[in-house]
Amino acid sequence: MMKKVTPLWFQKLFDRLAKEHIDQSGAAGTIQEVDFIRRLFNLCNSEHILDVGCGTGRHCVELAKRGYCVTGLDYSRQMINSARRYARQQNVSVRFVHQDARRMSFDREFDGAISICEGAFGLMINDEDNILILKQIFKALKPNGKLLLNVLHAAFAFRHPEQDVYFDPATCYGYWTEELTTKTGRLKKIYCCNRYYTFPEIKKILEEIGFIVLRGYGCLAGQFRRKKIELDDFEILVYAVKPS
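Residue 5 is where the sequence shown starts when you use our numbering, and the numbers rise one by one after that.
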């Protein structure tokens, strides 16, 4: 059953969250996650990585510290502004772009791409727009470019219903409500959604776009590792490559 969703809910919510996450120094798990990405991608330090749905830039900045050329993209202007401030504070150079992931302007520019930890993918209100993001990532990658994608696991949602999230088993969408404070101090509800996937489903989608899916792993934030996917994994990591 399709529930009501606020248009561009993610922009409204993440604009608010940006104001709450200016201090990145204690972002749990960032170093571990970037260590995993570095080992998995096995790229030279000077190569280019795209972070789709970069948020306030914690992965971008850590990757830049390792010597990579990094571009971070996000729909939320407040997130991008916070990311730029954080990069300046950490004295690293990152290109941040305020842009819709469904309409990225890149063409065969990147050796690797990530969309992880509530990045852009999975937040759209329909499957067509979510898939469009993956198509844009495919276009942005060079031949042999690598992708690490993080998705919510549908099997977990089936087995472990959340009190505040309505999970529709027919569509694998989860719906919930957030309250934001307006400039006048009033509380305003926004209606949010997230798409959940099984590994066979997301593998099929990526392969239909043109990716070769190399591996799938079960994971939690801050605990990225080469772990077999199990039914009780909250999230899935998908590792894929664009053919040469």
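Ideal placement from N, C-alpha and C gives every residue a C-beta, glycine not left out.
Bear in mind the structure is a predicted one, so any value in this text is a computation, not a measurement.
With distances taken from CA atoms, which of the options is nearest residue i?
| i | options | result |
| --- | --- | --- |
| D39 | E66, L218 and V245 | E66 |
| F18 | F215, I35 and A124 | A124 |
| L127 | L218, Y170 and C197 | C197 |
| P11 | Y195, F203 and F110 | Y195 |
| F250 | F110, V245, I35 and A22 | The shown model of the chain, from 5 to 248, leaves out residue 250, and the question about it has no answer. |
| D172 | Y221, A158 and E183 | A158 |
| W200 | P147, T175, G220 and G189 | Per the sequence presented here, residue 200 reads as Tyr, with Trp not at that position. If we check each option's Cα against that of Y200, T175 comes out closest. |
| A161 | Y177, N148, L153 and P147 | Y177 |
Using the three-state DSSP reduction, which class does residue i fall into: helix, strand or coil?
| i | result |
| --- | --- |
| N134 | helix |
| L77 | strand |
| F203 | helix |
| I213 | helix |
| A68 | helix |
Could you check whether the Cβ of residue i sits closer than 8 angstroms to any Cβ belonging to chain B?
| i | result |
| --- | --- |
| H157 | Within the model displayed, chain B is absent; a lone protein chain is all it includes. |
Who are residue i's beta bridge partners in DSSP?
| i | result |
| --- | --- |
| L184 | K192 |
| E239 | L156 and C223 |
| C197 | Y179 |
Can the beta-carbon of residue i be found less than 8 angstroms from the beta-carbon of residue j?
| i | j | result |
| --- | --- | --- |
| I53 | I129 | no |
| K193 | T181 | yes |
| L133 | R106 | According to the sequence displayed, residue 133 carries Asp and not Leu. Closer than 8 angstroms, so yes. |
| V155 | I233 | no |
| A244 | I209 | no |
Practice item. Pick out the complete beta strand (DSSP E) segments inside the region 11-66, 3 residues or longer, and give them in chain order. Key: Those beta strand (DSSP E) runs which fall completely within the region 11-66 and span 3+ residues are 52-56.
Review point. Of all the beta strand (DSSP E) runs that stay within the bounds of the region 81-167, which reach a length of 3 or more residues?
Key: 99-102, 114-119 and 145-157
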